[in-house]
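Under numbering that gives the first Met the number 0, the first residue of the sequence shown is numbered 0, with each subsequent residue one higher. C-beta: ideal position from N, C-alpha, C; glycine also. Below: one structure, written as structure tokens.
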Amino acid sequence: MYLRLMGLNKRYNNITAVDDLYLEINKGELLSILGPSGCGKTTTLRMVGGFIPADSGKVILEGQDMTLIPPNLRPTATVFQSYALFPHMNVIQNVCYGLKFKNLKKREMISRGEQMLEMVGLRHCRNKPVNQLSGGEQQRVALARAMVMNPKVLLLDEPLSNLDAKLRQKMRKEIRDIQKELGITALYVTHDQEEALSISDRIAVMNNGKIEQVGTPRNVYNSPANRFVAEFIGRINFLPGKGQQVLAVRPEQINLSKASGSIAGTIVQKQFAGAYTTYFIEVGNCIVEVDVPSMKDQDWGPGDVVYLSY
Ligand code: ATP
Numbered sequence: 000m001y002l003r004l005m006g007l008n009k010r011y012n013n014i015t016a017v018d019d020l021y022l023e024i025n026k027g028e029l030l031s032i033l034g035p036s037g038c039g040k041t042t043t044l045r046m047v048g049g050f051i052p053a054d055s056g057k058v059i060l061e062g063q064d065m066t067l068i069p070p071n072l073r074p075t076a077t078v079f080q081s082y083a084l085f086p087h088m089n090v091i092q093n094v095c096y097g098l099k100f101k102n103l104k105k106r107e108m109i110s111r112g113e114q115m116l117e118m119v120g121l122r123h124c125r126n127k128p129v130n131q132l133s134g135g136e137q138q139r140v141a142l143a144r145a146m147v148m149n150p151k152v153l154l155l156d157e158p159l160s161n162l163d164a165k166l167r168q169k170m171r172k173e174i175r176d177i178q179k180e181l182g183i184t185a186l187y188v189t190h191d192q193e194e195a196l197s198i199s200d201r202i203a204v205m206n207n208g209k210i211e212q213v214g215t216p217r218n219v220y221n222s223p224a225n226r227f228v229a230e231f232i233g234r235i236n237f238l239p240g241k242g243q244q245v246l247a248v249r250p251e252q253i254n255l256s257k258a259s260g261s262i263a264g265t266i267v268q269k270q271f272a273g274a275y276t277t278y279f280i281e282v283g284n285c286i287v288e289v290d291v292p293s294m295k296d297q298d299w300g301p302g303d304v305v306y307l308s309y
């Protein structure tokens, strides 16, 4: 295993931010840590980067214990949520900054910086002051600045959260393409389940300082290990089953019809969301959410009785 987090713990006064956390990351893999605000994602990432000392536990990279190595000497590089660019430097100076400590010739430094700018599509901004760049461009500079160091592990802390929805989707794909092309091992922190599902090789779902489940996006979506994971990733209905059983059904797994069926319900509300429409249907004393692809939507309305099947 390439990177191993072994029993990491971090407490702040009486808060346990990270609680005996174990996680293994393969070489070349992009693994997301996904969880709600305050669950300990950033603290975990910072312990891997060395910015926060662990109370106990170890960070092992390629068999070497890194736990006591200071951040500037770790073979990791971090892309921060706020980008943390140097405001008084231009683009190429920002990208090459870390290389100054690597004993390279100036020409070699610049050439590596330019290669990275090419990679993120910003070669033409080489000499611009960073405060004249858009949010998306600043994000790309931050990515280039981290990757130019050729890190063994790239750490990304909610890197897209300051961008608008459209740009976030675009950058998501760009980051994934670059990560794959260079074969970088990446640990990616996000609270956005759609982002984690779309960008990751595997997802570690975190809650209250602990990992609840680790698996491929399909695996955690289709076979959630417990109720927390089922509710946190995607939307899900919990319906009373036989006896003590609870049925967990995704909104897109239910079909609606007006012909007869076993489970009848009454539409109480509907929400159009573009590609699909969500119907809220009262069944007994539950409200069941059902997504109907807009192409198939029959445009029923509140008060209509429908039958559910799955
Ligand atoms: P978010 O998505 O909101 O950034 P997170 O999952 O990254 O959240 P952390 O930032 O790791 O969560 O915080 C985990 C817990 O530790 C939270 O309860 C937080 O309030 C607490 N915490 C984090 N940093 C400190 C600190 N420096 N001092 C005290 N408590 C802290």
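Pairing Met108 with Cys95 gives a Cβ-Cβ distance under 8 angstroms. In this structure, the straight-line span from the alpha carbon of Thr184 to that of Lys57 is close to 18 angstroms. Where Cys285 is concerned, the enclosing beta strand (DSSP E) starts and stops at Cys285 to Pro292. Those residues placing their Cβ nearer than 6 angstroms to any heavy atom of the ligand ATP are, following chain order, Tyr11, Ile14, Ala16, Gly34, Ser36, Gly37, Cys38, Gly39, Lys40, Thr41, Thr42 and His190.
Residue environment: Pro69 is assigned as exposed (fewer than 16 neighbouring CB atoms within 10 Å of its CB, all protein chains considered). Collapsing the DSSP output to three states places Thr41 in a helix. In this structure the segment 6–13 does not lie against the segment 162–180, because fewer than three pairs of beta carbons, one per stretch, are closer than 8 angstroms. Residues of the same chain with a CB within less than 7 angstroms of the CB of Asp290, apart from the 5 flanking positions on each side, are Pro250, Glu251, Tyr275 and Thr277 in chain order. DSSP places Lys209 in the strand class (E or B) of the three-state scheme. It is roughly 14 angstroms from the alpha-carbon of Gly97 to the alpha-carbon of Leu153.
Rounded to whole angstroms, the separation of the alpha carbons of Ile174 and Val282 is 43 angstroms. By the beta-carbon neighbour count (other beta carbons within 10 angstroms, threshold 16), Lys169 is exposed.
Following the DSSP letters along the chain, one finds Ile68 in no alpha helix (DSSP H), marked with neither H nor E.
Relative to the Cα of Gly49, the nearest Cα in the group Pro158, Arg139, His190 and Asp64 belongs to Asp64. The C-beta distance from Tyr187 to Leu142 rounds to 12 angstroms, too long to fall under 8 angstroms, and the pair is not in contact.
Here the alpha carbon of Ser110 sits roughly 29 angstroms from the alpha carbon of Glu61.
The DSSP-derived three-state label of Gln270 is strand. By the CB criterion at 8 angstroms, Leu30 and Arg201 fall inside the cutoff.
DSSP places Lys105 inside the alpha helix (DSSP H), whose first and last residues are Lys105 to Met118.
Only residues of its own chain outside the window of five on either side were considered, and among them Tyr1 have a CB closer than 6 angstroms to the CB of Asn25, listed in chain order.
Within the model, the alpha-carbon separation for Pro35 versus Glu230 is close to 11 angstroms. Counting the other CB atoms within 10 Å of its CB gives Thr265 a total below 16, which places it among the exposed residues. Val129 is positioned such that its CB atom lies no closer than 8 angstroms to that of Gln138. Rounded to the nearest angstrom, the Cβ distance from Leu307 to Ile253 is 5 angstroms, consistent with a contact under 8 angstroms.
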